[in-house]
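The numbering of the sequence shown is my numbering, which starts it at 23 and goes up by one.
Scroll down for the structure; my scribbles are underneath it.
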Amino acid sequence: MVTKYFEILIKSINLSKFNYNVFAGKYLDILAVSCDSFNPDVNETIGRQQGNKNHLKSLRQVREWCYQYKIAFKINTVVNTYNLEEDMTEPIQELNPCRWKVFQCLLIGGENAGSDALRHAESFVVSDDDFRKFLARHNPVSCLVPESNDFMRNSYLILDEYMRFLDCTKGNKDPSKSILDVGVDNALLFSGFDEKMFFKRGGKYVWSKADLRLEW
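Written as C-alpha coordinates, this is what we have:
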(Lines of atoms letter the chains of each structure in order from A and count residues from 1; the text may use other names and numbers.)
(Lines give C-alpha, C1' and ligand atoms only; values in the text may rest on other atoms or scores of the structure.)
Protein backbone atom coordinates (compact mmCIF):
# COMPACT_ATOMS: atom_id res chain seq x y z
CA MET A 1 0.00 0.00 0.00
CA VAL A 2 1.46 3.35 -1.03
CA THR A 3 1.14 6.17 1.49
CA LYS A 4 -0.66 9.26 0.23
CA TYR A 5 0.50 12.74 1.04
CA PHE A 6 -0.04 16.27 -0.17
CA GLU A 7 2.92 17.68 -2.08
CA ILE A 8 3.05 20.56 -4.52
CA LEU A 9 5.81 20.47 -7.11
CA ILE A 10 6.74 23.79 -8.68
CA LYS A 11 8.82 23.36 -11.83
CA SER A 12 8.86 26.98 -12.99
CA ILE A 13 7.95 29.68 -10.54
CA ASN A 14 6.09 32.77 -11.74
CA LEU A 15 5.46 34.85 -8.65
CA SER A 16 3.09 37.18 -10.48
CA LYS A 17 0.71 34.27 -11.02
CA PHE A 18 1.56 32.07 -8.05
CA ASN A 19 -1.18 32.02 -5.43
CA TYR A 20 0.74 32.26 -2.18
CA ASN A 21 -2.53 31.88 -0.26
CA VAL A 22 -2.15 28.14 -0.84
CA PHE A 23 0.42 28.23 1.96
CA ALA A 24 -2.23 29.19 4.47
CA GLY A 25 -3.89 25.79 4.04
CA LYS A 26 -3.37 23.64 7.10
CA TYR A 27 -3.39 20.49 4.96
CA LEU A 28 -0.24 21.35 3.01
CA ASP A 29 2.64 19.34 4.47
CA ILE A 30 5.50 19.59 2.01
CA LEU A 31 6.37 21.66 -1.05
CA ALA A 32 8.97 20.70 -3.66
CA VAL A 33 10.73 23.14 -5.97
CA SER A 34 12.91 22.17 -8.93
CA CYS A 35 16.32 23.85 -8.98
CA ASP A 36 18.98 22.44 -11.29
CA SER A 37 21.61 25.14 -10.80
CA PHE A 38 22.55 28.14 -8.70
CA ASN A 39 24.27 29.69 -11.70
CA PRO A 40 21.93 32.09 -13.59
CA ASP A 41 23.71 31.42 -16.89
CA VAL A 42 23.22 27.67 -16.53
CA ASN A 43 19.55 28.18 -15.67
CA GLU A 44 19.18 30.30 -18.80
CA THR A 45 20.82 27.59 -20.92
CA ILE A 46 18.69 24.72 -19.64
CA GLY A 47 15.45 26.73 -19.70
CA ARG A 48 14.89 27.24 -15.98
CA GLN A 49 15.25 31.01 -16.30
CA GLN A 50 13.71 33.04 -19.09
CA GLY A 51 14.07 36.75 -19.78
CA ASN A 52 13.66 38.92 -16.71
CA LYS A 53 12.36 36.08 -14.53
CA ASN A 54 14.80 35.34 -11.72
CA HIS A 55 14.50 31.66 -10.86
CA LEU A 56 16.87 31.80 -7.89
CA LYS A 57 15.15 34.83 -6.37
CA SER A 58 11.81 33.06 -6.73
CA LEU A 59 13.24 29.92 -5.16
CA ARG A 60 14.31 31.84 -2.07
CA GLN A 61 10.95 33.63 -1.91
CA VAL A 62 9.08 30.33 -1.82
CA ARG A 63 11.54 29.08 0.79
CA GLU A 64 10.64 32.07 2.97
CA TRP A 65 6.93 31.37 2.55
CA CYS A 66 7.50 27.79 3.69
CA TYR A 67 9.31 29.10 6.75
CA GLN A 68 6.51 31.55 7.46
CA TYR A 69 3.72 28.98 7.18
CA LYS A 70 5.65 26.03 8.68
CA ILE A 71 5.61 23.89 5.56
CA ALA A 72 8.36 21.39 4.81
CA PHE A 73 10.55 22.58 1.94
CA LYS A 74 12.07 20.15 -0.56
CA ILE A 75 14.37 20.73 -3.54
CA ASN A 76 14.59 18.54 -6.65
CA THR A 77 17.70 18.67 -8.85
CA VAL A 78 18.37 16.83 -12.11
CA VAL A 79 22.07 16.23 -12.72
CA ASN A 80 22.91 16.92 -16.36
CA THR A 81 25.85 17.91 -18.55
CA TYR A 82 25.39 21.61 -17.75
CA ASN A 83 25.43 21.42 -13.94
CA LEU A 84 27.61 18.32 -13.58
CA GLU A 85 30.68 20.18 -12.29
CA GLU A 86 28.80 22.59 -10.03
CA ASP A 87 29.25 22.50 -6.26
CA MET A 88 25.86 23.22 -4.70
CA THR A 89 26.85 22.35 -1.14
CA GLU A 90 26.80 25.87 0.28
CA PRO A 91 23.51 27.14 -1.24
CA ILE A 92 21.70 23.89 -0.42
CA GLN A 93 22.87 24.01 3.18
CA GLU A 94 21.84 27.67 3.34
CA LEU A 95 18.32 26.88 2.10
CA ASN A 96 18.22 23.86 4.42
CA PRO A 97 15.49 21.76 2.75
CA CYS A 98 14.10 18.72 4.56
CA ARG A 99 15.09 16.67 1.49
CA TRP A 100 17.26 17.34 -1.53
CA LYS A 101 16.32 14.85 -4.22
CA VAL A 102 19.14 14.51 -6.75
CA PHE A 103 18.12 12.72 -9.95
CA GLN A 104 20.27 11.39 -12.78
CA CYS A 105 18.91 12.71 -16.09
CA LEU A 106 16.65 9.96 -17.46
CA LEU A 107 15.55 9.57 -21.07
CA ILE A 108 11.97 8.46 -21.72
CA GLY A 109 10.91 7.75 -25.29
CA GLY A 110 8.14 10.05 -26.49
CA GLU A 111 8.70 12.51 -23.65
CA ASN A 112 12.27 13.78 -23.87
CA ALA A 113 13.83 11.44 -26.44
CA GLY A 114 12.92 10.08 -29.87
CA SER A 115 11.42 11.57 -33.02
CA ASP A 116 7.97 12.08 -31.48
CA ALA A 117 9.21 13.73 -28.27
CA LEU A 118 7.98 17.17 -27.22
CA ARG A 119 11.50 18.04 -26.03
CA HIS A 120 14.91 16.44 -26.48
CA ALA A 121 17.24 15.78 -23.56
CA GLU A 122 19.81 13.52 -25.22
CA SER A 123 22.51 16.16 -24.79
CA PHE A 124 21.73 16.43 -21.06
CA VAL A 125 22.49 12.80 -20.17
CA VAL A 126 25.39 12.00 -17.82
CA SER A 127 27.09 8.65 -17.21
CA ASP A 128 26.64 6.59 -14.06
CA ASP A 129 30.24 7.37 -13.10
CA ASP A 130 29.74 11.13 -13.51
CA PHE A 131 26.56 10.94 -11.44
CA ARG A 132 28.44 9.16 -8.64
CA LYS A 133 31.12 11.88 -8.73
CA PHE A 134 28.45 14.56 -8.32
CA LEU A 135 27.05 12.70 -5.31
CA ALA A 136 30.52 12.30 -3.79
CA ARG A 137 31.15 16.05 -4.10
CA HIS A 138 27.97 16.72 -2.15
CA ASN A 139 28.46 14.05 0.48
CA PRO A 140 28.51 16.67 3.31
CA VAL A 141 24.86 17.54 2.56
CA SER A 142 22.95 15.38 5.03
CA CYS A 143 19.52 15.83 3.39
CA LEU A 144 20.71 14.54 -0.02
CA VAL A 145 18.63 11.65 -1.41
CA PRO A 146 20.09 10.27 -4.67
CA GLU A 147 18.09 8.65 -7.45
CA SER A 148 19.95 7.00 -10.30
CA ASN A 149 18.28 5.87 -13.52
CA ASP A 150 18.03 2.33 -12.14
CA PHE A 151 16.11 3.58 -9.12
CA MET A 152 13.72 5.78 -11.09
CA ARG A 153 12.57 3.48 -13.88
CA ASN A 154 10.36 1.18 -11.83
CA SER A 155 9.89 2.79 -8.41
CA TYR A 156 7.18 5.34 -9.27
CA LEU A 157 3.46 5.04 -9.93
CA ILE A 158 2.53 7.47 -12.70
CA LEU A 159 -1.03 8.11 -13.86
CA ASP A 160 -1.90 9.90 -17.10
CA GLU A 161 -5.02 11.94 -17.82
CA TYR A 162 -6.90 8.77 -18.76
CA MET A 163 -6.17 7.21 -15.36
CA ARG A 164 -3.73 4.71 -16.86
CA PHE A 165 -0.53 3.67 -15.13
CA LEU A 166 2.57 4.38 -17.22
CA ASP A 167 5.24 1.66 -17.29
CA CYS A 168 8.68 3.25 -17.83
CA THR A 169 10.81 0.14 -17.28
CA LYS A 170 11.60 -0.25 -21.00
CA GLY A 171 12.47 3.39 -21.61
CA ASN A 172 9.01 4.44 -22.80
CA LYS A 173 5.73 5.32 -21.11
CA ASP A 174 3.70 2.21 -21.90
CA PRO A 175 0.12 2.67 -20.64
CA SER A 176 -1.95 0.11 -18.78
CA LYS A 177 -5.71 -0.09 -19.16
CA SER A 178 -7.57 2.63 -17.29
CA ILE A 179 -8.29 1.99 -13.63
CA LEU A 180 -11.80 3.27 -14.40
CA ASP A 181 -12.30 0.22 -16.64
CA VAL A 182 -10.37 -2.59 -14.93
CA GLY A 183 -9.81 -1.35 -11.37
CA VAL A 184 -6.62 -0.40 -9.57
CA ASP A 185 -5.39 -3.92 -8.79
CA ASN A 186 -5.62 -5.11 -12.40
CA ALA A 187 -4.07 -1.95 -13.81
CA LEU A 188 -1.19 -2.20 -11.32
CA LEU A 189 -0.13 -5.48 -12.91
CA PHE A 190 0.94 -3.47 -15.98
CA SER A 191 2.47 -0.48 -14.17
CA GLY A 192 6.02 -1.84 -13.93
CA PHE A 193 6.05 -0.75 -10.29
CA ASP A 194 8.60 -2.48 -8.05
CA GLU A 195 7.69 -2.01 -4.39
CA LYS A 196 11.11 -3.21 -3.19
CA MET A 197 12.86 -0.61 -5.33
CA PHE A 198 10.44 2.03 -4.00
CA PHE A 199 11.60 1.34 -0.44
CA LYS A 200 15.25 0.95 -1.52
CA ARG A 201 15.34 4.48 -2.96
CA GLY A 202 13.86 5.91 0.23
CA GLY A 203 10.35 6.40 -1.12
CA LYS A 204 8.88 6.03 2.34
CA TYR A 205 9.89 8.85 4.66
CA VAL A 206 8.51 11.26 7.24
CA TRP A 207 6.54 13.84 5.26
CA SER A 208 3.78 15.03 7.60
CA LYS A 209 4.53 18.37 9.22
CA ALA A 210 2.90 16.97 12.34
CA ASP A 211 5.84 14.56 12.58
CA LEU A 212 8.61 16.72 11.12
CA ARG A 213 10.85 19.03 13.09
CA LEU A 214 10.57 22.13 10.95
CA GLU A 215 13.56 24.03 12.22
CA TRP A 216 15.42 26.59 10.09
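Note that beta-carbon positions come from the ideal geometry of N, C-alpha and C, so glycine has one too.
Chain-order list of residues whose beta-carbon lies under 6 Å from that of residue i (same chain, five-residue window excluded)
| i | result |
| --- | --- |
| I114 | W122 and V163 |
| D196 | D189 |
| M185 | S200, I201 and L202 |
Contact set for residue i: own chain, Cβ-Cβ below 7 Å, skip 5 residues either direction
| i | result |
| --- | --- |
| C127 | V100, V101, N102, A143, F146, V147 and V148 |
| R175 | C190 and T191 |
Same chain only: Cβ atoms within 8 Å of residue i, ignoring 5 sequence neighbours per side
| i | result |
| --- | --- |
| K222 | F173 and S177 |
| T67 | Y104 |
Terminal residues of the alpha helix (DSSP H) in which residue i lies
| i | result |
| --- | --- |
| F156 | D150 to R159 |
| N65 | P62 to I68 |
Simplified DSSP assignment, three categories, for residue i
| i | result |
| --- | --- |
| S56 | strand |
| K123 | strand |
| L128 | coil |
| L166 | strand |
| K2 | Residue 2 is absent from the structure shown; the chain starts at 23 and stops at 238. |
| K226 | coil |
Handout entry: Stretch-stretch touch, CB-based, cutoff 8 Å, three pairs: the segment 166-183 with the segment 84-94
Key = no
Exercise for the section: Go through the segment 83-117 residue by residue and report every complete run of the alpha helix (DSSP H) that reaches 4 residues or more, in order. Expected result: 111-117
Practice task
Spell out a yes or no on whether the segment 151-166 and the segment 203-220 are touching, meaning 3 or more CB-CB pairs, one atom from each, closer than 8 Å.
Solution key: no
Handout entry: Complete runs of the beta strand (DSSP E) confined to the segment 168-220 [at least 3 residues]
Key = none
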